[in-house]
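Position one of the sequence shown corresponds to residue 157 (my numbering), numbered consecutively onward. Even for Gly, the Cβ is constructed at its ideal location relative to N, Cα and C. Presented below is the structure to which this report refers.
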Amino acid sequence: MLRLLPDGYCMSRSSAKFYQKPLMTMRRHVKAHVIAPLAGLICALLAPLVQANPFEHKLANGLSVIVKEDHRAPTAVHMVWYHAGSVDETNGTTGVAHVLEHMMFKGTPKVGPGEFNRLVAAAGGRDNAFTSRDYTAYFQQVPREKLGEMMALEADRMRHLNLAKSEFEQEIKVVMEERRLRTDDQPQSLLFEAMNAMAFQTHPYRRPIIGWMNDLENMTVKDARDWYERWYVPNNAYVVVVGDVDHKEVFRMAEKYYGPLKSRPLPLRKPQDEPLQKGVRRLTVKAPAELPVVMMGYRAPIIRDVEKDIDPYALEMLSAIFSGHGAARFSKNLVREQRLAISAGAEYDATARGPGMFYLIGTPSEGKTVVEMEAGLRAEVVRVQAEGVTAEELSRARTQLVAAEIYKLDSMFAQAMEIGQLDSVGLPYRSGERIIEKLKAVTTEQVQDVAKRYFGDDSLTVGVLDPQPLEGVPRRPAANVRH
């Protein structure tokens, strides 16, 4: 978005490189009536250049390369995204997407086990990877002149990965321990996992990204190899580069390193729609913990059409009004005034390949029960349904949300993440700014409307963490649990 800023700078949020000279300095030499037309002419001439950034190029093998030029620092972020996450797994091999992410660092005929990280570090960079329900991604942030080396490394392991049985047998133990630390030993994680498994009865989102322990215990190197051969092909991937680069040079390097890789037909993805829920679902998870927790999950829409959709943006605002800042409703009403909760929050993500959920979470205060906690969360929803929200509340929430989106532009990594995540869920990767504009346009009436339509019992799943004694550690008496 090109704009003439109040301080006289003609610049875009995508890049401030094109024109940075203050127009005020021209006033010494140019008459006032000439300044405005001149500024407009400059912006008009530069607009096509800025609007093209990010730039995209598709290789013959189907790999898309998206480049966003940002010349503020001499670095580059290089990310490879695969359209393959836990949503694509099947029962019996849950967690294989994440396991393969681990195995991607075990070497190729050219690069030995563990050498990938060492080579990135030697180039003066950092690297990592992450698996989600919808995608798997790998990244390096390096000095710009090392970008070609990163492309060579990623292209190498895209199709030439070593999947040795001995390496797999060691790494699967690491993944199982990761599950123990992040889920099995974390009561709230166990609750969230059980909530998903009940809220989604047929959709793959019911399965944990880390995988069920029984599946991990019985996973073989063949499972990982099958996953690699099925999904790790250039026509199921895209590359995102953000930084102090020239897009044409990046495209040339991509042709050199990724171009020779062969594409292959992809498995057919069938629709996996979740059946309509027809009543409240409840569960209790017992686990060693200090405090009880109430988690309420409502089925909610996500963005499918950036322009036509309204409800996801209003739900984002509602989430922020509930718990987006220190003065939000949950903190003010449930924690400070009523002293019903130690903590309370709302969670909602408007982007996903599959169905969406809006979560309310609360931990009751000393002497309060989980029944009272649930009633308190429900009461806050009912207040919005009956009374709506104020213009001041909406303005504050809008400021917080929009600021968070704009602050992403200060980070090259965050910019690359936004491009990659939008593309991963089937939204135009250029739609980030349009999403901000849609958030800005949300009205108080729209917020009240989504509260009325999506927060009914027919779409609700309620989970309760019933804390059990901690071995050797005293805790307060357990609160009453509704079964």
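Alpha carbon to alpha carbon, what distance is there between Val603 and Gly544?
-> Straight-line spacing of the CA atoms in Gly544 and Val603 works out to 7 Å.
Length of the line joining the Cα atoms of Ile591 and Thr600 | Computed Cα separation, rounded: 18 Å.
For Lys321, count neighbouring Cβ atoms within 10 angstroms of its own Cβ and tell me buried if that reaches 16, exposed if not.
-> exposed
In the DSSP assignment, what residue or residues form a beta bridge with Gly512?
-> Ala456
In its own chain, which residues sit with a C-beta less than 8 Å from the C-beta of Asn391, not counting the 5 before and 5 after it?
-> Asn217, Gly218, Leu219, Ser419, Arg420, Leu422
Euclidean distance between Cα positions of Ala293 and Thr287 | Rounded to whole angstroms, Ala293 to Thr287 spans 7 Å at the Cα level.
Three-state secondary structure assigned by DSSP to Arg586 = coil
From which residue to which residue does the alpha helix (DSSP H) around Ile328 run?
-> 321-335
Quick one: what does DSSP say Arg169 is sitting in, helix, strand or coil?
-> Here the model assigns Arg169 a pLDDT of 27, short of 50, so the residue's position is not dependable and the matter cannot be decided.
Say whether the stretch 393-402 touches the stretch 226-241, bearing in mind that this needs 3 or more beta-carbon pairs closer than 8 Å, one atom from each stretch.
-> yes
Three or more beta-carbon pairs under 8 Å between the stretch 318-335 and the stretch 259-268, yes or no?
-> yes
Reducing DSSP to helix, strand and coil, say where Ile575 ends up.
-> In the structure shown, Ile575 sits in a helix (DSSP, three-state: H, G or I).
Do the stretch 398-417 and the stretch 478-490 make contact, defined as three or more Cβ pairs closer than 8 Å?
-> Taking one beta carbon from each stretch, the stretch 398-417 and the stretch 478-490 have fewer than 3 pairs nearer than 8 Å; the two do not touch.
Excluding five sequence neighbours on each side, which residues of the same chain lie with their C-beta closer than 7 Å to the C-beta of Trp383?
-> Val252, Ala253, Leu256
Opening and closing residue of the alpha helix (DSSP H) in which Gly399 lies = No alpha helix (DSSP H) contains Gly399, which is instead part of the beta strand (DSSP E) from 393-399.
Which same chain residues, not among the five before or five after Met529, have their C-beta less than 7 Å away from its C-beta?
-> Hits under 7 Å: Val450, Leu496, Ala497, Gly518, Pro520.
Less than 8 Å between the CB atoms is what I'm expecting for Val491 and Ala502, so what's the real figure, rounded?
-> With a Cβ gap of about 13 Å, Val491 and Ala502 do not count as contacting.
For Ala570, which residues of its own chain have a beta-carbon under 6 Å away from its beta-carbon, when the five flanking residues on both sides are left out?
-> Leaving aside the five residues that flank Ala570 on each side, the residues in its chain whose CB is nearer than 6 Å to its CB run, in chain order, Lys564.
Per DSSP, what kind of secondary structure is Pro630 in: helix, strand or coil?
-> Residue placement at Pro630 is poorly supported in this model, since its pLDDT is 48, which falls under 50; the coordinates still yield a value, given next. Here Pro630 sits in coil by DSSP.
Spatial distance of Asp379 from Thr249 (CA atoms) = 7 Å
Measure the CB-CB distance between Val620 and Pro448 and report whether it falls below 8 Å.
-> yes
Which of helix, strand or coil does DSSP assign to Val389?
-> coil
Expected contact under 8 Å - CB spacing of Val330 and Lys224 to nearest Å = About 34 Å; that fails the 8 Å criterion.
Can you tell me which of Asp371, Ile477, Glu245 puts its alpha carbon nearest to the alpha carbon of Leu550?
-> Ile477
For Met473, which three-state DSSP category applies?
-> Assignment of Met473 by DSSP, reduced to helix, strand and coil, places it in the helix class.
Thinking C-alpha only, which one of Val436, Val267, Pro210, Tyr610 is nearest Val618?
-> Val436
Cβ separation of Ala456 and Phe514, assumed to be a contact under 8 Å, to the nearest whole Å | 4 Å
For Ile366, does the count of other Cβ atoms within 10 angstroms reach 16, so buried, or fall short, so exposed?
-> buried
Reduced DSSP category for Phe356 - H, G, I as helix; E, B as strand; rest coil = coil
Does the beta-carbon of Ile575 have 16 or more other beta-carbons within 10 angstroms, so that it is buried, or is it exposed?
-> buried
Which residue from Leu626, Glu463, Asp402 puts its Cα closest to that of Val598?
-> Cα-wise, what sits closest to Val598 is Glu463.
Assuming Leu557 contacts Met473 (C-beta within less than 8 Å), just tell me the rounded distance between them.
-> 7 Å
With 16 other Cβ atoms within 10 Å as the buried cut-off, status of Arg438 = So Arg438 counts as exposed.
To the nearest angstrom, report how far apart Leu202 and Arg313 are at their CA atoms.
-> Caution applies to Leu202, whose pLDDT of 44 falls short of 50 and renders its modelled position unreliable; the value that the coordinates give is listed next. C-alpha separation (whole angstroms): 40 Å.
Span separating the alpha-carbon of Arg609 from that of Met452 | 16 Å
Please name the residue in Val441, Glu310, Arg300, Phe324 whose C-alpha comes closest to that of Val389.
-> Glu310
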